[in-house]
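Colleague:
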Amino acid sequence: VNYSAQFQHRLGNILLIDAGAARYEAGHVFRGKTKVGRTEPLYIDQETSTWSGGVGLIDDTGYVRISGKAHGTLFLGKHTFKAGFEYEDNLIDQFWTTTFPGLIEKNAEGDYEALYWSKEGLVHSRIPTLFAQNSWQVNERLRLNAGLRWDGQYFIATGDSVAQDITNQFQPRLGFAFQPDASQKIIGSVGRFYQQLPLRNEVDASLPGPNGSRIYSEDPRLNPEDPDDIIVYASGEDLAYKKIDDLEGEHFDEFTLGYERALSAHFKLGLRGVYRTLRQAYINGWSQETSFVLGNPGKGDLSFMPEPERTYTAFELTFEKTSRGRLNFAGSYVLSRSYGNYTGLFNADARASTPGNNFSLQLEEQKANSKGLLPNDRTHVFKLFGSYRVNEGLTAGASFTLQSGTPLNEFGQVEFGYGRPLFLVKRGSAGRSPAIWDLNLRFVYDVPTMEKAGFPGRLIFDLMHVGSRRKAVNIDEWRYNSFDSETGEQTNPNPNFGKAFSYQPPMTARLGFEVDF
68 VNYSAQFQHR
78 LGNILLIDAG
88 AARYEAGHVF
98 RGKTKVGRTE
108 PLYIDQETST
118 WSGGVGLIDD
128 TGYVRISGKA
138 HGTLFLGKHT
148 FKAGFEYEDN
158 LIDQFWTTTF
168 PGLIEKNAEG
178 DYEALYWSKE
188 GLVHSRIPTL
198 FAQNSWQVNE
208 RLRLNAGLRW
218 DGQYFIATGD
228 SVAQDITNQF
238 QPRLGFAFQP
248 DASQKIIGSV
258 GRFYQQLPLR
268 NEVDASLPGP
278 NGSRIYSEDP
288 RLNPEDPDDI
298 IVYASGEDLA
308 YKKIDDLEGE
318 HFDEFTLGYE
328 RALSAHFKLG
338 LRGVYRTLRQ
348 AYINGWSQET
358 SFVLGNPGKG
368 DLSFMPEPER
378 TYTAFELTFE
388 KTSRGRLNFA
398 GSYVLSRSYG
408 NYTGLFNADA
418 RASTPGNNFS
428 LQLEEQKANS
438 KGLLPNDRTH
448 VFKLFGSYRV
458 NEGLTAGASF
468 TLQSGTPLNE
478 FGQVEFGYGR
488 PLFLVKRGSA
498 GRSPAIWDLN
508 LRFVYDVPTM
518 EKAGFPGRLI
528 FDLMHVGSRR
538 KAVNIDEWRY
548 NSFDSETGEQ
558 TNPNPNFGKA
568 FSYQPPMTAR
578 LGFEVDF
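End of the sequence shown = 584 in our numbering, gap-free, step of one.
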C-alpha cells in the first residue's frame, strides 16, 4: 500500500503549519529465467575472459519507506523563524544467496575459488530529524540566514535491537544575500551536510549469514562437495560486524560565493564559486586480522586505510533571458575539478550502486596511486536551453550539452579480487574518454479545437540525440585479468583494455499527446 498525505493550515498572518506523511513499498526478484540460470553456478574464466553457467545468485528483496514531518513557520516582522521534526523508517526484507558452491572464478594459474554468501532477514534504518532556522531581513538590501539541523541514524537488526547508531550529526548552516542596488546581488553560504546512509552495509552487518571462499585445485563444477580449503569471512552464527562506539556519519562541508547582475530588463548574468570537501566516509574494508570491518577509513579497525578525500572546486557562469517575447533561453558554463581517493556512495570505478561497499577503497594494497582525478571529473561543461514560439499554437525548444571526457585509469588485480582494482598508475592519469555533445529538440503544438472544448491538448514531437556521433562514454580500464599470488605479478593481459563497451545513444524520435483535465 502506497499513500501520501499533506496538511497545511495558516493561523492569521503569523503562523503557518505544514505536516505530512507518506508510505512507499516496492520490491524486486533477481534470478535466472531458465532452470540452468537458476541452478548452475556462475563460472568466470580469467584466462580466456569468458563467463558461462547460470546467473549465480538469487536476490528476493522488498523495500518499505515510511516518512512523516511537522513544520511550523513564524512570521515576526523582519524575522522568519522555521522549526520542525521529520522522521523516516526505511526497511529491507531480503533473501540473498549464491548458487552452490558459489561464484566460481578460475585464475590464470588454473586454480579455482568459489565465493559464497547467504543473507536473510529484516533491517531498518530509523532517522529522526530536528531543525531550526531564522531568516532576518536586516534592511532592504541585506538578508541573513542561519540554521541548525540534527539527524540521528539508528540501524535496527532482526529482533528490533539497535545494531548501530550515529547521533553526532549536527549541521550548522549560514547564508547571506546582499543587493548593492536594484540590478546586482551577492550571495554566499557555508554549511555541513550529512549523507543518509543506505542499508547496503547494514544488511551485511546486521544479518547473520555465512560468507567465505571455497578453494579448489580442480573444476568445482565436477565435484563441488570436496574443496581443498575453505576461507571463512563470516560463520553465519554471529553478527558479521561489531558495534562501533565513535562512528561518524558520511558528511561534507560546502562553501559558495556568487554574484548576479541584471544587464537589462530581461537578461541576467551570474557567477558562482563552489568548494565542497568530504570530511568523513563510512565504508566496508578488509583487514587481514579481522576479516571484513565497517567504519571510518583511517580510524579504529580501519586505521590501515587512508583517510577519505574528495574535493570539488568549480567556477560557474550562468546567463538567462526571460520575457514575453518569442525567444527565451538559459545556459551555463562550468569549469571544475573533482579530486581525491573516494568516489562516494556510488562506486563509480566499478560503475556499480553498492553504497558503502566501495571496491576501490577496501584493501591496504589499494592505497598506492589511489589519489587523483575522480571518475566524475569533467573539466568543461557547457549547457544551453531555449524555446521559440513560432506562432500562437506552435513552440519549438532545444537543449544542447558539450562536455569534456572523464579521466581514465589502468587497473590491475589484487589477490582478494572480485572487481577490486589495483591502481597501476596514478588515479585518473591514463588519459580521458572523448569529449561529447548532445542535442535534443522538442516541438509542441496546441490543438485549438480541444482548447475551445475545455480540454486543452497538445501534440509533442521529440527528436533526441540529434546527429549522434556515437562516441564512447565508457571504456574498459582493466589492463590485467589475473594476479599471481606467488610472484606478486599481474598476469593475463586484458585484450579489451582501452576499448569502449558503451556509446552515446542513437538518435531517437518520439511522438506524444497530452490532455489537461
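For glycine and all other residues, C-beta sits at the position ideal for the given N, C-alpha and C.
1) Any idea which residues DSSP pairs L266 with across the strands?
2) Could you give the first and the last residue of the continuous beta strand (DSSP E) run that contains R343?
3) In three-state terms, what does DSSP make of P515?
4) When you compare the region 490-497 with the region 446-466, are there three or more beta-carbon pairs, one atom per stretch, that lie closer than 8 Å?
5) In three-state DSSP terms, what is E459?
6) Along the chain, where does the beta strand (DSSP E) containing V582 start, and where does it finish?
7) Expressed to the nearest angstrom, what Euclidean distance is found between the alpha-carbon atoms of S427 and G407?
8) For the structure I just gave you, are there three or more beta carbon pairs, one from the region 88-102 and one from the region 127-135, closer than 8 Å?
9) Given 8 Å as the limit, is there contact between the region 530-550 and the region 506-513, that is, 3 or more CB pairs closer than that?
10) Less than 7 Å between C-beta atoms, sequence neighbours within five positions excluded: which residues of the same chain meet that for E376?
11) If I measure Cβ to Cβ from D286 and keep anything under 6 Å in the same chain, skipping five residues before and after, which residues do I get?
12) In whole angstroms, what is the alpha-carbon distance linking S569 and L83?
13) Determine the direct distance from the alpha carbon of T389 to that of V401, and round the result to whole angstroms.
14) Can you list, in chain order, the residues of its chain with a C-beta nearer than 8 Å to that of Q40? Leave out the 5 residues immediately preceding and following it.
15) How long is the line joining the alpha carbons of V205 and L412, rounded to whole angstroms?
16) Nearest CA to the CA of T166: which residue from D126, Y130 and P515?
17) Please list, in chain order, all residues of the same chain as L489 whose beta carbon is under 7 Å from its beta carbon, the five residues on each side excluded.
18) For Q220, which of P560, E153 and G255 has the nearest alpha-carbon?
19) Flag this pair as touching only if the region 225-243 and the region 140-152 have three or more C-beta atom pairs under 8 Å; answer yes or no.
20) Starting from the C-beta of V190, find all residues in its chain whose C-beta is less than 6 Å away, skip the five residues before and the five after it, and write them out in chain order.
21) Could you check the C-alpha separation between T117 and R546 for me, to the nearest Å?
22) Counting along the chain, where does the beta strand (DSSP E) carrying R77 start and finish?
23) Within this structure, are the beta carbons of G460 and D513 separated by less than 8 Å?
24) Is it right to say I223 is buried, meaning 16 or more other beta carbons lie within 10 angstroms of its own, or is it exposed?
25) Which runs of the beta strand (DSSP E) at least 3 residues long sit entirely within the region 495-575? Give them in chain order.
26) Mind checking who L475 pairs with in its DSSP beta bridge?
27) In terms of residue numbering, what span does the beta strand (DSSP E) encompassing G594 cover?
28) Between the Cα of Q355 and the Cα atoms of A249, D248, F483 and S466, which residue gives the shortest distance?
29) Which residues mark the beginning and the end of the beta strand (DSSP E) in which G255 is found?
30) Would Y300 and R343 be called neighbours here (beta carbons separated by less than 8 Å)?
31) Quick check on the DSSP output: the beta strand (DSSP E) that includes R193 runs from which residue to which?
32) Beta-carbon separation of Q113 and A175 under 8 Å?
33) Give me whichever residues DSSP pairs with E172 in a beta bridge.
Modeller: Reading from the atomic positions:
1) Your numbering for residue 266 matches position 199 in the sequence shown. Answer is none; L266 lacks a bridge partner.
2) For the purposes of this step, residue 343 is identified with residue 276 of the sequence shown, where counting begins at 1. From DSSP, the beta strand (DSSP E) with R343 extends over F334 to Q347.
3) As a position in the sequence shown, residue 515 is number 448, starting the count at 1. Look at P515 here: in three-state DSSP terms it is helix.
4) Verdict: no, contact absent.
5) Residue numbering aside, residue 459 sits at position 392 when the sequence shown is read from its first letter. In the three-state reduction of the DSSP assignment, E459 falls in the coil class.
6) On the sequence shown, position 515 is the one that residue 582 refers to. Boundaries of the beta strand (DSSP E) around V582: T575 to V582.
7) Mapped onto the sequence shown, residue 427 falls at position 360. Mapped onto the sequence shown, residue 407 falls at position 340. Rounded to whole angstroms, the separation of the alpha carbons of G407 and S427 is 12 Å.
8) In short, these stretches touch, since the Cβ pair count reaches three.
9) The region 530-550 is in contact with the region 506-513.
10) Residue mapping note: residue 376 aligns to position 309 of the sequence shown, counting from 1. Excluding residues within five positions, the ones whose Cβ falls inside 7 Å are L345, G407, N408, Y409 and K438.
11) For this step, residue 286 is matched to residue 219 along the sequence shown. Non-local C-beta neighbours of D286 in its own chain, meaning closer than 6 Å and more than five positions away in sequence, are absent.
12) Numbered from 1 along the sequence shown, position 502 holds the residue referred to as residue 569. Numbered from 1 along the sequence shown, position 16 holds the residue referred to as residue 83. Roughly 51 Å separates the two Cα atoms.
13) Against the sequence shown, residue 401 aligns to sequence position 334. Against the sequence shown, residue 389 aligns to sequence position 322. So the alpha carbons of these two residues sit roughly 21 Å apart.
14) The first residue shown for the chain is 68 and the last is 584, placing residue 40 beyond what the model contains.
15) Position 138 of the sequence shown, counted from the start, is the residue given in the question as residue 205. Position 345 of the sequence shown, counted from the start, is the residue given in the question as residue 412. When rounded, the distance between both Cα atoms is 40 Å.
16) Locating residue 166 in the sequence shown gives position 99, counting from the first residue. For the residues D126, Y130 and P515, the minimum Cα distance to T166 belongs to D126.
17) The residue given as residue 489 occupies position 422 in the sequence shown. Cβ neighbours of L489 beyond the five flanking positions: E432, Q433, F478, G479, Q480 and V481.
18) For the purposes of this step, residue 220 is taken as the residue at position 153 of the sequence shown. Q220 has its Cα closest to that of E153, out of P560, E153 and G255.
19) The count of Cβ pairs closer than 8 Å, one atom from the region 225-243 and one from the region 140-152, stays below three, leaving the stretches out of contact.
20) Here residue 190 is taken as the residue at index 123 of the sequence shown, counted from 1. Listed in chain order, the non-local C-beta contacts of V190 below 6 Å within the same chain comprise I159, L266, E269, V270 and S273, local neighbours out to five positions each way being set aside.
21) Within the sequence shown, numbered from 1, the residue matching residue 117 stands at position 50. Within the sequence shown, numbered from 1, the residue matching residue 546 stands at position 479. So the alpha carbons of these two residues sit roughly 16 Å apart.
22) The residue labelled residue 77 in the question sits at position 10 within the sequence shown. Here the beta strand (DSSP E) through R77 covers Y70 to L78.
23) Reading the sequence shown from its first residue, position 393 is the one you call residue 460. Reading the sequence shown from its first residue, position 446 is the one you call residue 513. A contact, by the Cβ cut-off of 8 Å.
24) The residue labelled residue 223 in the question sits at position 156 within the sequence shown. For I223, the number of other beta carbons within 10 angstroms of its own is at least 16, and it is reported as buried.
25) Fully enclosed beta strand (DSSP E) runs of 3 or longer: 503-514, 524-531, 539-542, 547-551, 556-560 and 567-570.
26) Position 408 of the sequence shown, counted from the start, is the residue given in the question as residue 475. Looking at the DSSP assignment, L475 forms no beta bridge with any residue, so it has no partner.
27) This structure cannot speak to residue 594, because the chain is shown only from 68 to 584.
28) Numbered from its first residue, the sequence shown carries residue 355 at position 288. Closest by alpha carbon: F483.
29) For the purposes of this step, residue 255 is identified with residue 188 of the sequence shown, where counting begins at 1. Secondary structure note for G255: its beta strand (DSSP E) is the uninterrupted segment Q251 to Y261.
30) Here the question's residue 300 lines up with position 233 in the sequence shown. Here the question's residue 343 lines up with position 276 in the sequence shown. Going by C-beta atoms, Y300 is not nearer than 8 Å to R343.
31) Stepping through the sequence shown from its first residue, residue 193 is reached at position 126. For R193, the enclosing beta strand (DSSP E) begins and ends at Y179 to Q204.
32) To locate residue 113, count along the sequence shown from 1; it is residue 46. To locate residue 175, count along the sequence shown from 1; it is residue 108. At the C-beta level, Q113 and A175 come within 8 Å of one another.
33) On the sequence shown, position 105 is the one that residue 172 refers to. Residue pairing by DSSP places E172 opposite I111 and E180 in a beta bridge.
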